[in-house]
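Colleague: Sharing a structure, written as structure tokens. Questions coming.
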Amino acid sequence: MILASDTARRGSRSDESPGSTDEPPIIALSNIVKSYKMGGEDVMATRGISLTVARGEFVAIMGASGSGKSTLMNIMGCLDVPTSGHYHLDGVNIRSLADRALSRIRNRKIGFVFQGFNLIPRMSALQNVELPMAYAGIKPAERRQRAIVALSLVGLGGRLEHVSSELSGGQQQRVAIARAISTNPALILADEPTGTLDTQSSVELMTIFSNLHAHGRTIVMITHEHDVAAYASRVVEVRDGMIKSDHVQRALAPAPSRIGQSGTTTIDADEFEG
Ligand code: ADP
Ligand code: MG
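According to our numbering, the residues represented by the sequence shown are 110 to 383, in order.
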């Protein structure tokens with residue numbers, strides 16, 4: 110019962126509540142404009158978005174299809190650069206970095222979870238989780254150890270050697286979360302992570318995100334489902350490439366976890382605190 114016990118420790122981390130230290134915000138976006146050329150015309154995907162996310166926040170970004178959510182996420186994830194405006198990631202001005210430094214900071218600071226899981230099909234769960242750590246220059250023995258811990262945390266300690274095709278959609282997404290947290294990133298970015306999952310798998314997934322948040326993780330997640338956004342501590346609504354509303358809320362407490370009760374190795378979740 111690793112995941113359920115995590116919630117009990119929540120109180121002991123009040124010293125790390127958002128904004129209580131002098132640390133820079135994880136995300137500071139200032140007047141971000143992104144336009145694309147489409148058949149000679151400029152498509153404005155974002156029209157001047159300013160957004161600050163403090164350490165430890167769990168932000169849901171909502172909005173209709175085409176409102177600019179993925180564009181914003183790609184910029185936050187350093188996968189794309191804005192046409193104009195400034196982005197500081199954990200205090201670092203992204204514009205000041207050359208390509209190599211940018212990919213290094215991306216590997217070190219950000220864990221990605223996508224709607225389509227993006228796992229490598231013929232690799233085992235363990236190998237999929239180890240891969241980004243290899244890029245981050247972590248030694249093989251440590252990669253293995255961290256991958257086992259991360260997979261156990263998401264309730265897949267008993268599925269280490271299964272390849273993606275032998276796992277359900279919900280399990281594949283949990284491998285993707287294990288992969289995202291294994292490098293101990295400052296920020297977890299998720300683009301519609303429950304988009305293709307059934308209700309039960311979505312609840313299990315949100316329970317994992319909730320517990321990561323309770324452990325002080327910073328999470329920014331795109332979703333168009335209100336049920337999913339309810340787990341976040343703040344909801345930002347985007348419309349036509351601009352922020353329409355931004356409010357904090359009491360995050361829905363995670364449902365008691367049923368995953369991790371059988372076939373998993375019990376490893377203390379504290380190993381993953383940032
Ligand atoms: P969302 O994720 O909210 O559905 P996107 O950020 O994907 O929205 O897209 C916002 C707008 O920018 C849309 O009008 C979309 O067609 C356009 N857009 C996004 N990416 C590109 C691209 N690579 N080239 C051209 N237009 C794009
Ligand atoms: Mg999108």
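Virtual Cβ for every residue (Gly too), placed ideally from N, Cα, C. The structure displayed is predicted, hence computed values, not measured ones.
How far does the beta strand (DSSP E) with S139 in it extend, from its first residue to its last?
Modeller: Stepping through the sequence shown from its first residue, residue 139 is reached at position 30. Here the beta strand (DSSP E) through S139 covers 136-147.
Colleague: Comparing alpha-carbon positions, which option in P249, A154, V168 lies nearest R348?
Modeller: Here residue 348 refers to the residue found at position 239 when the sequence shown is read from its first residue. When only C-alpha atoms are compared, the closest one is A154.
Colleague: Cβ of S179 within 7 angstroms of any heavy atom in the ligand MG?
Modeller: Position 70 of the sequence shown, counting from 1, holds the residue named residue 179. For the ligand MG, at least one heavy atom lies less than 7 angstroms from the Cβ of S179.
Colleague: Where does the unbroken beta strand (DSSP E) through D131 begin, and where does it stop?
Modeller: The sequence position of residue 131 within the sequence shown is 22, counting from 1. Under the DSSP assignment, D131 falls outside any beta strand (DSSP E); it carries neither an H nor an E label.
Colleague: Between L198 and F318, what straight-line distance do the alpha-carbon atoms span, to the nearest angstrom?
Modeller: Sequence index remark: in the sequence shown, residue 198 carries index 89 (1-based). Sequence index remark: in the sequence shown, residue 318 carries index 209 (1-based). Approximately 21 angstroms between the Cα atoms of the pair.
Colleague: Any heavy atom of the ligand MG inside 7 angstroms of the beta-carbon of D300?
Modeller: For this step, residue 300 is matched to residue 191 along the sequence shown. Correct: D300 has its Cβ closer than 7 angstroms to the ligand MG.
Colleague: Ordered along the chain, which non-local residues of its own chain (more than five positions away) have a Cβ less than 7 angstroms from that of V357?
Modeller: Along the sequence shown, read from residue 1 onward, the residue named residue 357 stands at position 248. Cβ neighbours of V357 beyond the five flanking positions: S342, R343.
Colleague: Below 8 angstroms between beta carbons: does that hold for L306 and G264?
Modeller: As a first step, residue 306 is located in the sequence shown; it is residue number 197 there, counting from the start. As a first step, residue 264 is located in the sequence shown; it is residue number 155 there, counting from the start. No. Outside cutoff.
Colleague: Assuming R283 and L235 make a contact with CB atoms under 8 angstroms, what is their CB distance in whole Å?
Modeller: Taking the sequence shown and counting its residues from 1, one reaches residue 283 at position 174. Taking the sequence shown and counting its residues from 1, one reaches residue 235 at position 126. Actually they are not in contact, since the Cβ atoms of R283 and L235 sit about 13 angstroms apart, beyond 8 angstroms.
Colleague: Would you identify the three-state DSSP class for G383, choosing helix, strand or coil?
Modeller: On the sequence shown, position 274 is the one that residue 383 refers to. For G383, the predicted structure reports a pLDDT of 41, less than 50, and the residue's modelled location is therefore unreliable. A value from the coordinates is still provided. Residue state, collapsed to three classes: coil.
Colleague: I'd like the list of long-range same chain contacts for A408, defined as Cβ closer than 6 angstroms, with 5 residues on each side in sequence excluded.
Modeller: Shown here, the chain extends from 110 to 383; a query on residue 408 therefore has no answer.
Colleague: Residues in its own chain within less than 6 angstroms of E239 by CB, not counting five upstream and five downstream?
Modeller: Stepping through the sequence shown from its first residue, residue 239 is reached at position 130. Closer than 6 angstroms at Cβ, skipping near neighbours: R252, A256.
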